[in-house]
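Just so you know, we're using the numbering used here here: the sequence shown kicks off at 1 and counts up by one.
Here a beta-carbon is modelled for each residue, glycine too, at the ideal position from N, C-alpha and C.
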Amino acid sequence: MAVVITGIAELTTNDAELGKLRDAAVVLDGDRVAWVGAAADAPAADERVDVEGRAVLPGWVDSHTHLVFAGDRTAEFGARMSGQPYAAGGIAVTDDATRAASDEQLAAGLRKHVDEAVSQGTTYIETKTGYGLTVADELRSATLAGRYADEVTFLGAHLVPPGTDADEYVDLVCGPMLDAVAPHVTWADVFCETGAFDEEQSRAVLTAAGKKGLGLRVHGNQLGPGPGVRLAVEMDAASVDHCTYLTPADVAALADSDTVATLLPACDLSTRQPLPEVRALLDAGVTVALASNCNPGSSYTSSMAFCVTTAVLQMRMTVEEAVRAATLGGAQALRRDDIGVLRPGSRADVHVLNAPSTTHLAYRPGVPLTWAVWRAGARQR
Ligand code: NIG
């Protein structure tokens, strides 16, 4: 069934040739975009939706979330707002709650958070394991995640479980855990940070995952300068995420690579870290993505719009740069060319704002602006 969406005041396509269109229309056919152009030239379709002068853009691509979890860390967040620092060790609290939860409880949480994201314009979502940290619990997280998320990442190397020898745990991750989980995931990730995994341990995990044919991602440079970015570039990771503390050498290495710098501003605000120096990245030609990092510890939001607003108002990205980073940038961080863009053949992931332009995402901070969403051609709201 074909749907023509017409009456579009401003259409962001992220396509180099189509650019940004005014007074436009889009035709969706099944799960694909069939046509993009001037409203006056739009072909007929089975259904017509007139958005009456609103802005349309590709759905948000949220390329970094941790949604397989149980439990609550409100008290930890409250303590942080009273001056306590964020540390990797907090992950263990969620690990305990997640292991104790039933499959049904974890599935309900996943569904709830994915639905919450979609209702705010997210149409493609990655999520990670990493709150199981045993072979059985990581396998369970991966299989449950695959039911609700578009892409699943193995993050057995999220934290060395308290009381475990770090090198023995790395051997477990690189051996039996990876063997069990690899058939259920596309990506592998490692938290390369003080208090989590050092450079050598992180390289071992990424090397083992690469040999299994998994794409690579890295959590790096979140809590201080470190080897994460360098390692991600060395291993041709698709993305290095956080990038809160970057040296000029890190920026140069990223600029000379195919690794996307994925920035997580909601996390930086929620952990009272500085916001990343995005202008240095953009000026050097680095591809930048924005993602929510939705998780119960460091960033409990599914709102990509909040990330875009923060990127514009506080990180000094232009609206166009921030919207692009939260759509096309996310797609590039997942090495996909059929999402984050609206052109014939791309996935029919459409976000209609209750506003005439994307500028309103920053001009009206905090106001929920999602008016309609199609995800792979299926209307969500
Ligand atoms: O991306 N940095 C590592 N992992 C998550 C935090 C998880 C947690 O604190 O529970 C992150 O911020």
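Where residue 237 sits in the DSSP three-state scheme | coil
If you draw a straight line from the C-alpha of residue 179 to the C-alpha of residue 9, how long is it?
-> 51 Å
Below 8 Å between beta carbons: does that hold for residue 243 and residue 210?
-> no
Buried or exposed (CB count within 10 angstroms, at least 16 for buried), residue 389 | Only positions 1 to 381 of the chain appear in the structure, and residue 389 is not among them; the question remains open.
Do you know whose CA, among 241, 276, 284, lies nearest residue 256's CA?
-> 284
Secondary structure of residue 139, DSSP reduced to three states = helix
beta-carbon residue 298 near the ligand NIG non-hydrogen atom, thresh 7 Å = yes
Assign residue 373 to one of two classes, buried (16 or more other C-beta atoms within 10 Å of its C-beta) or exposed (fewer than that).
-> buried
Residue 161 vs residue 95 beta-carbon contact at 8 Å | yes
Entirely within the stretch 198 to 247 and at least 3 residues each: give me those beta strand (DSSP E) ranges in chain order.
-> 215 to 220, 239 to 242
Using the C-alpha atoms, what's the distance from residue 201 back to residue 136?
-> 22 Å
Identity of the residue in 102, 126, 120, 204 nearest residue 380 by Cα = 120
Residue 191 to residue 18 span [Cα, whole Å] = 39 Å
Verify the contact flag: residue 267, CB atom, against every heavy atom of the ligand NIG, threshold strictly below 7 Å.
-> yes
Per DSSP, the bridge partner or partners of residue 91 = None, per the DSSP bridge assignment.
Relative to the alpha-carbon of residue 159, which residue among 148, 128, 89 has its alpha-carbon at the smallest distance?
-> 89
Is it the case that the Cβ atoms of residue 286 and residue 328 are separated by a distance below 8 Å?
-> no
Which listed residue (350, 258, 322) has its alpha carbon closest to that of residue 335 = 258
What number of angstroms, rounded off, separates the C-alpha of residue 198 from the C-alpha of residue 208?
-> 16 Å
Going along the chain, which residues of its own chain have a beta-carbon closer than 6 Å to the beta-carbon of residue 223, five neighbours each way excluded?
-> 193
Test item: CB-CB of residue 56 and residue 26 under 8 Å | yes
Let me know the secondary structure DSSP gives residue 382 once reduced to three states.
-> Not covered by the structure: residue 382. The range shown for the chain is 1 to 381.
Check whether the Cβ atoms of residue 68 and residue 144 sit closer than 8 Å, and answer yes or no.
-> yes
Helix, strand or coil at residue 103 [DSSP, three-state] = helix
Any non-hydrogen atom of the ligand NIG closer than 7 Å to residue 90 Cβ | yes
Hey, would you say the C-beta of residue 113 is under 7 Å away from at least one heavy atom of the ligand NIG?
-> no
Selected residue, minimal CA-CA separation from residue 400, among 362, 344, 66, 359 | In the structure as shown, the chain begins at 1 and stops at 381. Residue 400 is therefore absent and cannot be evaluated.
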